[in-house]
Amino acid sequence: MSLWQLLTSSFVIHAFFAITAVALAAGVVGYFVVLRRQAFAAHAIGHIGFAGAAGAILIGWSPLIGLLVFCVTAGILVGVAGASLDDRDTVVGVTLTGALGLGVLFLSLYSGYANATYSILFGQVLGVSVSDIRTVSLVSALVVASIVVIFRPLLFSSVDSQSAASRGISNQLMSVLFMTLLALTTVVAVQVVGILLVFSLLVAPAAAAEALTSHPIRAVFLSVGLALFAGWLGLFLAVWLGGPVSFWITALASLTYVVARASDSLKTQRLRKARV
Amino acid sequence: MSILKLEHAGVIRGDRSIWTDASFSIEPGTVTAVLGPNGSGKSTLLQAISGLLPLSSGELLVFGEKSHRGNTAVGHVAQTRVADATSTLTGRDYVGLGMDGVKFGWGRTKGKKEAVNQALKQVGALAFADRPMHSLSGGQRQRIALAHATVFKPKLLLLDEPLAALDIAAQAEIVDLINLLRVEQDMAIVVVAHDLNPLSPIVDQVVWIARRQVKSGTIDEVVNEKVLSDLYGHPIEILVTPSGRRVIVGLEEEFAHPHPHGHDHSGEDGHQHFAELYEEGRQ
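Note that the protein sequences, when read in sequence, are chains C and L.
If you read the first sequence in the numbering used here, its first letter stands for residue 3, the second for the next number, and so on.
If you read the second sequence in the numbering used here, its first letter stands for residue 172, the second for the next number, and so on.
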């Protein structure tokens with residue numbers, strides 16, 4: 003098969019749409035993950051979802067349902083309990099280890115072939131169906147639309163919670179809303195890159211964007227652009243050169259971050275020199 | 172009508188009474204300095220005025236209304252946060268959040284650009300408004316914070332330790348700026364401080380909080396040996412230097428032997444309290 007035939011085959015086209023939907027949501031939500039310094043929470047929610055997926059498989063349900071229930075519940079819990087910056091990491095850490103333990107238990111109880119679990123861990127973007135794409139696009143659109151609506155209060159609350167509170171914004175509400183959106187994005191992204199790597203699409207492009215520009219809206223667009231770049235090019239390279247799609251996507255996402263940080267520190271050095 | 176009026180107000184946090192029976196009022200275009208030892212509840216007072224903390228007793232009225240969050244007549248600059256030092260946001264964007272950060276949706280706010288520009292100009296921050304906040308000096312960041320809290324033209328401005336961690340030159344600049352806001356915008360300004368000295372030229376009223384009591388009045392009414400000795404429960408002396416300045420002696424004890432009511436010394440720089448309080452004397 004020629005490269006062109008591969009690229010136009012239905013499974014690659016499906017993957018293209020799924021990746022596009024995920025990159026949009028992950029790029030937008032990722033900006034706030036980085037701004038609110040909640041990379042650990044983003045990381046944890048994926049792993050908590052793993053327990054849910056393993057549990058769902060055990061009782062014969064679709065792993066997607068388990069993912070959705072566990073991720074959103076964990077997101078809300080972290081959002082409620084960890085609204086204050088001080089104890090957020092502890093809350094996330096305790097929830098994370100508890101859930102991972104459950105996941106291990108569910109896996110050990112499950113006697114069948116663990117293929118479904120493997121695909122949850124590492125993603126199965128070349129195997130997504132049309133109905134998967136529909137779900138992923140719908141959730142992604144919902145997440146992006148929600149962020150558009152709460153953009154300013156969420157930004158205010160993320161940047162300066164004290165001032166936001168005195169101006170009448172509920173930081174608790176913002177925290178819960180955001181963690182719910184983060185959980186939904188995680189559920190969607192798991193389809194593409196898997197739980198272990200969800201983190202890279204959510205954090206790396208956004209962190210790169212934040213290093214490159216100070217302006218929030220520009221950073222969001224840049225973050226989405228970089229996520230799309232990593233997703234599309236990763237898919238192309240996987241088809242062209244072989245290797246897992248999720249490897250290429252995460253490698254490229256991480257690379258964007260490294261390049262952005264390097265260029266940012268060069269810029270900072272120049273600024274310092276200019277000021278002296 | 173007074174901008175702010177407290178009558179027998181008290182605040183309890185957890186099961187600890189912070190202060191009780193605070194009664195004073197604040198008039199437009201005046202500067203009020205809030206002083207007292209660490210953990211005496213100075214920031215708590217600002218939080219109560221902003222509606223962030225409920226009163227446990229008494230009454231606190233802002234423009235005749237019970238204090239509540241989101242009052243657009245009140246601007247509040249909390250103590251310098253870690254977030255400032257790491258924020259990649261530009262000063263201009265941060266000030267913009269002060270204007271319409273509470274609004275949901277995507278619609279543009281009419282006149283925002285002009286208001287932000289004017290607020291930045293007023294505090295002399297235009298030159299560095301487009302740089303990320305983490306690259307600014309402490310004094311520059313304080314100016315941006317002032318623009319953030321005044322961009323929506325509040326009538327009452329609450330400043331928590333605006334002079335902390337600034338060198339003397341930067342302190343004098345911020346004091347001039349506070350005075351400018353008072354004169355040009357007719358704002359009432361409440362400033363929490365460790366040291367009255369840099370503020371004394373512009374202060375109309377002093378609120379001194381210690382041992383859960385709140386005393387208020389002019390500098391002469393509050394910063395005298397009798398009132399401070401009563402407030403602290405041990406003798407306080409005020410010495411007059413040859414240049415006419417007054418030096419307050421005896422406050423160190425409060426720091427060295429904290430009262431058993433569980434004053435919270437964590438989170439604040441205790442050393443600053445050691446700085447004696449200088450007070451301009453009259454020639």
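Note that the Cβ used here is the ideal one computed from N, Cα and C, for glycine as well.
Residue burial classification, residue i (beta-carbon count within 10 angstroms, cutoff 16)
i        : result
C:GLY27  : Checking the sequence, you will find Ala at residue 27 of chain C rather than Gly. The residue in question, C:ALA27, is buried, as its Cβ has 16 or more Cβ neighbours within 10 Å.
C:ALA276 : exposed
L:LYS326 : buried
C:ALA147 : exposed
L:SER214 : buried
L:ALA340 : exposed
L:HIS179 : exposed
L:ARG184 : exposed
C:ALA219 : Note that residue 219 of chain C corresponds to Ile in the displayed sequence, not to Ala. Classification for C:ILE219: exposed.
L:ARG383 : buried
L:VAL311 : For clarity, residue 311 of chain L is Gln in the given sequence; the question names Val instead. Buried is the call here.
L:TRP190 : buried
L:ARG263 : buried
C:THR252 : buried
C:GLN271 : exposed
C:ILE15  : exposed
L:LEU370 : buried
L:GLU332 : buried
L:LEU224 : buried
C:GLY244 : exposed
L:PRO406 : exposed
C:SER202 : buried
C:LEU292 : The requested residue 292 of chain C does not occur in the structure, where chain C is confined to residues 3 to 278.
L:PRO372 : exposed
Own chain partners of residue i with C-beta closer than 8 Å, once the 5 adjacent residues on each side are dropped
i        : result
C:VAL226 : ALA25, LEU26, GLY29, VAL30 and PRO207
C:VAL189 : GLY51, LEU66, LEU69, LEU70, CYS73, VAL74 and VAL141
L:GLN376 : PHE195, ILE197, THR201, VAL202, THR203, ALA204, SER387, GLY388 and THR389
C:ARG38  : SER160 and PHE180
Other residues of its chain near residue i: CB distance less than 6 Å, five sequence neighbours each side excluded
i        : result
C:PHE1   : Examination of residue 1 of chain C is not possible in this model, given that chain C is present from 3 through 278 alone.
C:ALA17  : VAL127, LEU128 and LEU237
L:GLY246 : ALA320, THR321, PRO325 and LEU328
C:TYR33  : ALA208, ALA221, VAL222 and SER225
C:PHE19  : ILE135
L:LEU232 : LYS176
C:SER139 : ALA23
C:ARG125 : One detail in the question is off: residue 125 of chain C reads as Gly in this sequence, not Arg. Within the same chain, C:GLY125 has close Cβ partners VAL194, VAL195, GLY196 and SER248.
L:VAL248 : ALA316, ALA320 and LEU330
L:GLY222 : SER238, HIS239 and ARG240
According to DSSP, residues forming a beta bridge with residue i
i        : result
L:TRP190 : L:VAL182
L:ILE409 : L:ILE419
L:PRO303 : L:THR261
L:SER196 : L:LYS176
Element boundaries [beta strand (DSSP E), containing residue i]
i        : result
L:ASP331 : 327-331
L:SER228 : 228-233
L:TRP379 : 376-381
L:ALA204 : 202-206
L:HIS239 : That residue, L:HIS239, is in no beta strand (DSSP E); it is neither H nor E in DSSP.
L:VAL363 : 359-363
L:VAL245 : 245-248
L:GLN384 : 384-388
7 Å Cβ shell around residue i - same chain, five flanking residues per side excluded
i        : result
C:ILE21  : VAL127, VAL194, GLY233, TRP234 and LEU237
L:VAL287 : ARG263, VAL266, GLY267, MET270 and VAL322
C:TRP250 : GLY236, LEU239 and ALA240
C:ALA211 : TYR33, ALA221, LEU224, SER225 and LEU228
C:THR137 : none
N- and C-terminal bounds of the alpha helix (DSSP H) containing residue i
i        : result
C:GLY29  : 12-37
C:VAL192 : 173-195
C:GLY51  : 41-60
L:LYS281 : Taken as a continuous stretch (DSSP letters only), L:LYS281 belongs to no alpha helix (DSSP H), as it is neither H nor E.
C:ALA80  : It should be pointed out that residue 80 of chain C corresponds to Val in this sequence rather than to Ala. Counting along the chain, the alpha helix (DSSP H) containing C:VAL80 begins and ends at 65-83.
L:LYS213 : 213-221
C:VAL93  : 90-111
L:ALA316 : 309-321
C:PHE153 : 132-161
C:ARG169 : Note, C:ARG169: premise wrong, no alpha helix (DSSP H); not H, not E.
L:LYS397 : 396-403
C:ILE219 : 218-243
L:LEU367 : No alpha helix (DSSP H) holds L:LEU367; DSSP gives it neither H nor E.
Contact list for residue i against chain B, beta-carbon separation under 7 Å
i        : result
C:PRO246 : Of the protein chains in the structure, C and L, none is chain B.
*Any contact of the stretch 270-280 of chain L with the stretch 229-239 of chain C, i.e. 3+ C-beta pairs under 8 Å?*
no
_Taking contact to mean 3 or more Cβ pairs, one atom from each stretch, closer than 8 Å, check whether the stretch 43-62 of chain C and the stretch 160-168 of chain C are in contact._
The answer is no - the stretch 160-168 of chain C does not touch the stretch 43-62 of chain C, with fewer than three Cβ pairs under 8 Å.
*Would you say the stretch 378-393 of chain L touches the stretch 345-360 of chain L, given that touching needs at least three Cβ pairs under 8 Å?*
no
*Are the stretch 228-246 of chain L and the stretch 298-315 of chain L touching by the rule of at least three beta carbon pairs closer than 8 Å?*
Counting Cβ pairs under 8 Å, fewer than three are found: no touch.
*Counting Cβ pairs, one atom from each stretch, are 3 or more of them under 8 Å apart for the stretch 149-158 of chain C and the stretch 171-188 of chain C?*
yes
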